Amino acid sequence: MSQEISSAVLAESVSPEETRSLLKSIRRIVRANDLQSRALAKSIGLTGPQLVILMAVAELGQVTTKALADHADLSPATVVTVLENLEQRAIVQRYRSDTDRRIVFTRLTPKGQQLISHAPRVFGDGFARRFAMLPSGRRRELITSLTTLAELMSAAGGNGSHI
Numbered sequence: 001m002s003q004e005i006s007s008a009v010l011a012e013s014v015s016p017e018e019t020r021s022l023l024k025s026i027r028r029i030v031r032a033n034d035l036q037s038r039a040l041a042k043s044i045g046l047t048g049p050q051l052v053i054l055m056a057v058a059e060l061g062q063v064t065t066k067a068l069a070d071h072a073d074l075s076p077a078t079v080v081t082v083l084e085n086l087e088q089r090a091i092v093q094r095y096r097s098d099t100d101r102r103i104v105f106t107r108l109t110p111k112g113q114q115l116i117s118h119a120p121r122v123f124g125d126g127f128a129r130r131f132a133m134l135p136s137g138r139r140r141e142l143i144t145s146l147t148t149l150a151e152l153m154s155a156a157g158g159n160g161s162h163i
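Numbering (UniProt numbering), first residue to last: 1 to 163.
What follows is the structure, encoded as structure tokens:
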């Protein structure tokens, strides 16, 4: 019975226009992100997730896979896959802790440091300029809104069903 009531409330509270607009905006964001990732791959040979991981290693220094996954909001399995690729290309180095052999750290190699020092912005210069031109309050508002949207769409934020 409560499931029927919930569905009725949802049907009344979210209009088809709102749903269409939201879905269209999300698709535009996903498409823009995909295009930017392809442009990164062409220009520096790294995908968006690879650059995010590389930037996280540069920012955090000697870092574990779990810390990288938390920092980049990626699954540990994805991070391991990305790190394996970057390690094969001599961009990062992974090594075991001297005190606990179960712990594996990652750090940038000189090649990785060189790459990160010349890397473009993750979202591209055009986006970075336009975003920086917004008032700081509007930037915070957008970040808060996108964070809320991500939480609503995540499995943890609801019943696990996705678009």
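Each residue gets a CB set at the ideal place from its N, CA and C atoms; glycine is no exception.
Bear in mind that the values here come from a model prediction, so they are computed numbers and not experimental data.
Open item on the list: Tell me which residue opens and which closes the beta strand (DSSP E) that Gln93 is part of.
Closed with: That run of the beta strand (DSSP E) goes 92-96.
- [ ] Taking 8 Å as the threshold, find out whether the region 105-115 comes into contact with the region 28-40 through three or more Cβ pairs.
- [x] no
- [ ] Give the secondary structure of Val104 by DSSP, where H, G and I count as helix, E and B as strand, and everything else as coil.
- [x] strand
Open item on the list: Give me, in chain order, the residues of the same chain whose beta-carbon lies closer than 6 Å to that of Gln93; leave out the 5 immediate sequence neighbours on both sides.
Closed with: Arg107, Thr109
TODO: Would you kindly work out how many angstroms separate the C-alpha atoms of Lys66 and Ser15, rounded to a whole number?
DONE: 40 Å
Open item on the list: By the DSSP assignment, the alpha helix (DSSP H) with Thr109 in it spans what residues?
Closed with: Element bounds for Thr109: n/a, residue is neither H nor E.
TODO: Please report the residue range of the alpha helix (DSSP H) in which Arg138 lies.
DONE: 136-153
- [ ] Verify whether the separation of the beta carbon atoms of Ile26 and Leu115 is less than 8 Å.
- [x] no
TODO: Quick one: which unbroken alpha helix (DSSP H) runs of 4-plus residues sit fully inside the region 11-55? Chain order, please.
DONE: 16-44
Task: Per DSSP, the bridge partner or partners of Pro64 - done: In the sequence as displayed, the identity of residue 64 is Thr instead of Pro. Beta-bridge partners assigned by DSSP to Thr64: Phe105.
Open item on the list: If contact is defined by three or more beta carbon pairs under 8 Å, each pair taking one atom from either stretch, is the region 147-155 in contact with the region 54-70?
Closed with: Too few Cβ pairs lie closer than 8 Å, so no.
TODO: Please work out which residues of its chain come closer than 8 Å, Cβ to Cβ, to Met55, disregarding the five sequence neighbours upstream and downstream, and give them in chain order.
DONE: Its chain contains Ile116, Ala119, Val122 as the residues whose beta carbon lies nearer than 8 Å to that of Met55, once the 5 sequence neighbours on both sides are disregarded; these appear in chain order.
- [ ] Can you give me the Cβ contacts of Leu83 inside the same chain, cut-off strictly under 8 Å, excluding the 5 residues immediately before and after it?
- [x] Ile53, Thr65, Leu68, Val92, Arg94, Thr106
Task: Simplified DSSP assignment, three categories, for Pro120 - done: Three-state DSSP puts Pro120 in coil, outside helix and strand.
Open item on the list: Taking 8 Å as the limit between beta carbons, can you name the residues of its chain near Gln113, skipping five residues before and five after?
Closed with: Excluding sequence neighbours, Gln113 sits near Ala58.
Task: For Gln50 and Leu74, believed in contact at Cβ under 8 Å, the rounded distance - done: Wrong, their Cβ atoms sit about 11 Å apart, outside the cutoff.
Open item on the list: I'd like the span of the alpha helix (DSSP H) that includes Leu74, first residue to last.
Closed with: Leu74 -> no alpha helix (DSSP H), and no H or E assigned at all.
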